[in-house]
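What follows is the structure in structure tokens.
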């Protein structure tokens, strides 16, 4: 199993550009989520999904869109990048009925100029 | 605002025991998890409590008191490799939403 994979690992964008951060998992997990991590702020939940076709907002959803067309994939879209979105983005997945254990991808480091 | 509170930094001596506390909000609480993150890496799961009491996993243990909205992570026989950030994470709304604390940076010194 590859676990949770994220692409790209690094990305530099100009203000106003759009892009999609990819996330995939091969563990058949129902629950998937996106977090951003900034110094001194911990991990903040952006969006999450409890299954294909079902998504909901987390703590900091503004400026981001998600969709969940399959169990495996959960892409995060930045509609118009802003310098405030410079961060490290982590995708995670877990199964319902488990013991609170989320599996994290390696992260995407995004710089918006 | 932040619904979870934990100390920002802790320093402990190699071979000693350290406890990292976490308090949480009670609305819709389902369970409390703990994660470890080394610099530049991804968070990795350590432990989980849904019921009151102590859960032990090797050198790491986690405790929960639902009546006090409080939990802690206990690390025994500290090793230098335990230097990392430790996050508590609250599950609410029937295991549909996971919110993390700001993390505690643990430094283990010789």
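Residue numbers (our numbering), protein chains in the order written: chain A, 1 to 113; chain B, 114 to 223.
Even for Gly, the Cβ is constructed at its ideal location relative to N, Cα and C.
No experiment lies behind these values; they were computed from the predicted model shown.
Three Cβ pairs or more, each shorter than 8 Å: is that satisfied between the stretch 70-80 of chain A and the stretch 143-150 of chain B? Under the 8 Å Cβ criterion, the stretch 70-80 of chain A does not count as touching the stretch 143-150 of chain B, having fewer than three qualifying pairs.
State yes or no: is the C-beta of residue 95/A within less than 7 Å of the C-beta of residue 47/A? Using a Cβ distance threshold of 7 Å, residue 95/A and residue 47/A do not count as a contacting pair.
Limits of the beta strand (DSSP E) - the one that residue 170/B falls within: 166-170
Exposed or buried, what is residue 83/A when buried is set at 16 or more other beta-carbons lying within 10 Å of its beta-carbon? Around the beta carbon of residue 83/A, fewer than 16 other beta carbons lie within 10 angstroms, which makes this residue exposed.
Ends of the beta strand (DSSP E) at residue 42/A? 42-51
Residues within the stretch 28-43 of chain A neighbouring chain B, beta-carbon criterion of under 8 Å: 31, 33, 35, 40, 41, 42, 43
Using DSSP's beta-bridge definition, name the partner residues of residue 205/B. 142/B, 210/B
Helix, strand or coil for residue 9/A per DSSP? Residue 9/A sits in coil when the DSSP states are folded into three classes, being neither helix nor strand.
Residue-chain proximity (residue 161/B, chain A), Cβ-Cβ < 7 Å: yes
Please confirm if residue 83/A has its CB atom under 7 Å from at least one CB of chain B. So no, residue 83/A is outside the interface.
Which one or two residues does DSSP pair with residue 184/B in a beta bridge? 135/B, 177/B
is_contact[residue 216/B, chain A] using C-beta, thresh 7 Å: yes
8 Å Cβ cut-off: residues of chain B touching residue 90/A: 155, 156
Quick one: any contact between the stretch 36-45 of chain A and the stretch 172-188 of chain B, if contact means 3 or more CB pairs under 8 Å? No: fewer than three Cβ pairs fall under 8 Å.
Of the residues that make up the stretch 126-139 of chain B, which ones have a beta carbon closer than 9 Å to any beta carbon in chain A? none
Taking the C-alpha atoms as reference points, what is the distance between residue 20/A and residue 58/A? C-alpha separation (whole angstroms): 18 Å.
Based on Cα-Cα distance, which residue from 62/A, 45/A, 68/A lies nearest to residue 52/A? 68/A
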